[in-house]
Amino acid sequence: MAPWIESVFEFLFKYRPFLFQKGRFVMAPPWLAVIVLVVGAAAVVISYQRAKGGTGPATRLTLAVLRTAALALVLFCLCRPALVLSTVVPQQSFLGVLVDDSQSMRIADDGETRGQVAARSFGPQAPLLKALADRYKLRLFRFSETAERLPSTTDLTFDGSRTSLTQALERASQELSSVPLAGLVLVTDGADNADADVGHLLPRLRARAVPVFTVGLGRERFAKDVELTRVDVPASVLKGTSVTAEVRVAQRGLGGQKVQLQVEDAGRVLQTQEITLPADGESAAARVHLTASEAGPRTFRFKIAPQPGEPIAQNNQQDVPIEVADRREKILYFEGEPRFELKFIRRAVAEDKNLQVVCLQRTSQNKFLRLDVDDADELAGGFPKTREELFKYRGIILGSVEAGFFTADQLRMIAEFVSQRGGGLLTLGGRHSFAEGGYAPTPLAEVLPVVFEEGRDAKQPFFAELKVEPTPFGMTHGVTQLAATEEKSAERWKTLPPLSTLNPIRRTKPGAVSLLLGRGDGLPGAQVVLAYQRYGAGKALAFTVDDSWLWQMHADMPLEDMTHENLWRQLLRWLVSGVPGPVTVSVSSPRTAPGSPVTILATVTDATHLKVNDAQVVARVKDPAGVERDVPLEWTVGKDGEYAGRFTPPDKGAYAVRVEAARAGQTLGSETAQVQAVDLAMEYFGAEMRRPLLERIAEETGGRFYTPQTVPALAEDVKYGGGGATVQETRPLWDMPALYLAIIALVSAEWAYRKARGLA
Amino acid sequence: MTTALLRVSVGSALVAVLLQRPEAVAQGAGQTRRFDRGLLRPDGSAVNDPHPEFYFTRAAYTGYWGRNWAIDYPKADRQFMMGVRRLLTHLDASPDEHPVRLDDPDLNRFPFLYAVEVGRMSLTEPEVLGLRRYLQAGGFLVVDDFWGTREWANFEDEIRQVLPGCTIIDLPRDHPVFSAFYDIREFYQVPNVGNAMAGRTWEKDGFTPFYRGIQDDKGRLIVAINANTDLGDAWEWAEVPEYPLKYSTFAYQMGVNLIIYSMSH
């Protein structure tokens, strides 16, 4: 409520609104007053009926109502209305004062930092603090991520890297649980960035009759600010892969302006992109395409240059860790017949050191050609017959091979390769693919992201020439990017020669997405050319054309054009991205403050990718100085194959975590992750004063919200908070100026109306 | 008089045939090659498969004698494909002859190319550019049936126009092309049908067969050179009882291996 409104309220109703909120209204039993009112109303009505004058019944009724209302108010006063308040007994109750000690208190909203504003009211010499100290036994606390006692507010340093209001309130209320507590005063900007939800705590505080009085510091809205709210990149990628980063930007006061987003890796600029800032209150999303070309644990810095007039620049930048792996991912490509597609796919990715496409080509009945195998034994028996053999690969490409070639178990295995092993499956178009290959009644029909057309005559071969174009989703996806920018890529797609398909596919499954469509003369509707869906733990892709090699050979394609190579590299890298090895590792906080504990989680599987619970798992953590120590990981019991351990990085720097798993003396696998202990700038994100949160905390606990302008009323209001040692106090209401004014107004109005109607 | 008239007529016809230029190549030069043809299933019933994966594409080029490119055509082509379709049961192949000019942009739709009698090639500039683009983009060329020092020199001259600076190597016996489908251990000089009947395998001064190749800068074979040997005749006359079986067998094995290699490397 605005201060002037409160003043007017207090003048009219004798007390401030807060007292009415906290108090209980009482009055004498009104029976006699009601009887008198009824008799009086009847007398008024009769007297007006008898009055002379040429007025209608409406006028007389109005006059009767006015006079009766005035009578009612007088009778109300005679019933002794009062407000009963619980008032804290001075010097018998404690009051906790919690002051935010985090970095966001250093923000200067209007020339003065929030810390300085807090000191004005709660510094040792501040009148408010003295007034509070006169009435209560004060206990001071500082809080950021945790809370602790504070001797004096002059000891505040404002260097906490996170803010947890829940921790602060919990700690203070626990420490003061054994004493009569008048309430807690929370002095903060409310920029809570911890994970705990304060909503669970508030009912408990209310039940214990501990009101929280919140003092909000800082601006609710910055005049000008750009904030890089969120950056999402995959946790790990293969070296040389094109990565798509999803970026969200919010702003105040700069809507519609264009800014440059720059992405750096160790000082080297990877990408620059122009972003148009959204309207106030909205956030804009942007996609940035980068290539991770250096292997190892990297940190990508996304930043927007500070704009003139911004009070904080720390929220214009985000550092995002990413693990760039330099391993060779193995893909099994099984082609059921000699096809040029195999030749050109091999050529397209031959130079990619991070992909190994092992080819098994059926050349004739029971005769296979094996290419790029690791040794003479690999695939010597043809297509893998055991899960152990098949699950060694990270991706499978199925060419034109009929379903009848596989045994039922092999088909199930391929489905489980996707659903359980988490592998990637890509099926290519061809005369023995999809429905034409008899896959409709097999488990793979469920895995694939496309719907097979029904009611077709299988003896009638299908053929269509297609002009391929990306869908709106495909325009922004990294796999189908043919040029450095989305606009140039869209133009490039238009120039590609048409391809052909032997499989009519027009629909994707619910939940699947199309990246490419094809249109041809005489085709009813568009053909789905490239579609994708997640299936279980893995992903399934369908590429329904059978001659993408034309994008390499066609006379219209310049020799130096790399479209075919890039498309297949990107497609196969996407196929194997995120496919787990026998050991997968994640950390709770890839970036954390020194001294904050980090949980290491590992999932361990055997050669058939079944989770194991009896492995010996250890994390070897190497600190920035190169010293390594072991952190044992224990099975969490709650989840199959999941092992957990904790370590706390003591100093700033990068910590390399290598998790190794073994069982019965045999190595199962290993995986690496990184943890960076840095000064997090989290305090500068979402740093506007969170008034709704602070008001909610106050309201749900029976307290009140203040700004620096209204905080002088705090000392008085705590008295009526209801916490601590209290006595009941009755405050009369019969002499409220509002009542007198109302009575005078009613009587005057009745007299004036009577005069106007000629009844006076 | 009548005999003289007959000689002149035959001679004129022969000259007309020999001087015929590749422009006269039938079956839609310059158009898309996916034409309708009745194909046969193993049980003999007709299948209409107008879009086969593989065509045995014969290069129609400018030569000194006009139709050098058409030696053994079309019987060798059809006979060879009959065998290929029986041996490579999963290859979706057209059974028909399929000539395409080297300067036809559509050439690039057929990544396997066969050229015969290349000792008598005399390529025009558009043909040089067309073949060069084809090979650099990923096409595979098999050349066959040219004999002796002079014809080798001519071929080398022509191919160095197409691929300047290329290196011609002798293919080692353990080259992947010789084990792509069949494991070929014995190599023969395949004679034309006349010499085979006469008990001789060589022509001109080509006494030793060369199985050579040209690789691209990544070590992939892009031109397979069969010199001082005549695989085409062995395909063409395979059904003749007098033509030695071992030559036909070897020629089919080489042909099949070249197809499989070209479709996988």
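Going down the list, the sequences are from chains A and B.
The first sequence finishes on residue 759 if you use numbering that gives the first Met the number 0, and the numbering steps up by one all the way, no holes.
The second sequence finishes on residue 264 if you use numbering that gives the first Met the number 0, and the numbering steps up by one all the way, no holes.
By construction, the Cβ of each residue, glycine as well, lies at the ideal position given by its N, Cα and C atoms.
Query: Proximal residues to residue 233/A (C-beta, below 8 Å), its chain only, five neighbours per side dropped; Result: 242, 321, 576, 577
Query: Paired residues, beta bridge with residue 282/A - DSSP; Result: 249/A
Query: Start and end residues, beta strand (DSSP E) containing residue 97/B; Result: 97-100
Query: Three or more C-beta pairs below 8 Å linking the stretch 170-180 of chain A and the stretch 90-101 of chain A; Result: yes
Query: Supposed contact pair residue 210/A and residue 700/A - C-beta distance, whole angstroms, cut 8 Å; Result: 5 Å
Query: DSSP-derived helix/strand/coil call for residue 169/B; Result: strand
Query: Per-residue contacts from residue 337/A into chain B (C-beta, under 8 Å); Result: 52, 53, 87, 89, 90, 258, 259, 262, 263
Query: Ordered list of alpha helix (DSSP H) runs contained in the stretch 118-203 of chain A, each at least 4 residues; Result: 126-134, 164-174
Query: Contacts of residue 138/B in chain A (Cβ-Cβ under 9 Å); Result: 552
Query: Residues within the stretch 207-219 of chain B neighbouring chain A, beta-carbon criterion of under 9 Å; Result: 217, 219
Query: Inter-residue Cα distance where the pair is residue 692/A and residue 738/A; Result: 36 Å
Query: Range covered by the beta strand (DSSP E) that runs through residue 300/A; Result: 295-303
Query: Outcome for residue 45/A when other beta-carbon atoms lying within 10 angstroms are tallied against a minimum of 16; Result: exposed
Query: Within 9 Å, strictly: CB atoms of residue 571/A and residue 599/A; Result: no
Query: Beta-carbon proximity check, residue 761/A vs residue 300/A, cutoff 9 Å; Result: The first residue shown for chain A is 0 and the last is 759, placing residue 761/A beyond what the model contains.
Query: Within 9 Å, strictly: CB atoms of residue 150/B and residue 205/B; Result: yes
Query: Straight-line gap, residue 37/B to residue 51/B (C-alpha atoms, nearest Å); Result: Note that residue 37/B scores 40 on pLDDT, short of 50, meaning its location in the model is unreliable; the coordinates nonetheless yield the value given after this. Their backbone Cα atoms lie some 12 Å apart in a straight line.
Query: Residues near residue 77/B in its chain [Cβ-Cβ closer than 8 Å; skip 5 each side]; Result: 94, 95, 96
Query: Other residues of its chain near residue 274/A: CB distance less than 8 Å, five sequence neighbours each side excluded; Result: 246, 248, 257, 258, 259, 260, 283, 285, 303
Query: Euclidean distance between Cα positions of residue 393/A and residue 604/A; Result: 14 Å
Query: Test: residue 638/A CB closer than 9 Å to a CB of chain B; Result: no
Query: Run of the alpha helix (DSSP H) containing residue 156/B, from where it starts to where it stops; Result: 147-161
Query: DSSP-derived helix/strand/coil call for residue 256/B; Result: helix
Query: Interface residues of chain B facing residue 352/A [CB-CB closer than 9 Å]; Result: In chain order: nothing, as chain B lies at least about 14 Å away.
Query: Whole-Å CB distance - residue 420/A paired with residue 462/A, under 8 Å assumed; Result: Going by Cβ atoms, the distance from residue 420/A to residue 462/A rounds to 35 Å, so no, they are not a contact pair.
Query: Cross-chain neighbours of residue 558/A in chain B, by beta carbon under 9 Å; Result: 132, 135, 136
Query: Integer-rounded CB distance, given that residue 258/B should sit under 8 Å from residue 213/B; Result: 18 Å between Cβ atoms; not a contact.
Query: C-alpha gap between residue 59/A and residue 76/A, whole angstroms; Result: 26 Å
Query: Any C-beta of chain A under 9 Å from that of residue 179/B; Result: yes
Query: Anticipated Cβ contact below 8 Å, residue 137/A with residue 151/A, distance rounded; Result: About 11 Å separates the two Cβ atoms, so there is no contact after all.
Query: Own chain residues within Cβ distance below 7 Å of residue 480/A, not counting five before or after; Result: 241, 288, 488
Query: Exposed unless 16 or more other CB atoms sit within 10 angstroms - verdict on residue 552/A; Result: buried
Query: Runs of beta strand (DSSP E) lying entirely within the stretch 532-606 of chain A, each at least 3 residues, in chain order; Result: 537-542, 582-586, 597-603
Query: Three-state secondary structure (DSSP) of residue 76/A; Result: helix
Query: Beta strand (DSSP E) segment containing residue 106/B, residue limits; Result: No beta strand (DSSP E) contains residue 106/B, which DSSP labels as neither H nor E.
Query: Interface flag, residue 466/A vs chain B, CB-CB below 9 Å; Result: no
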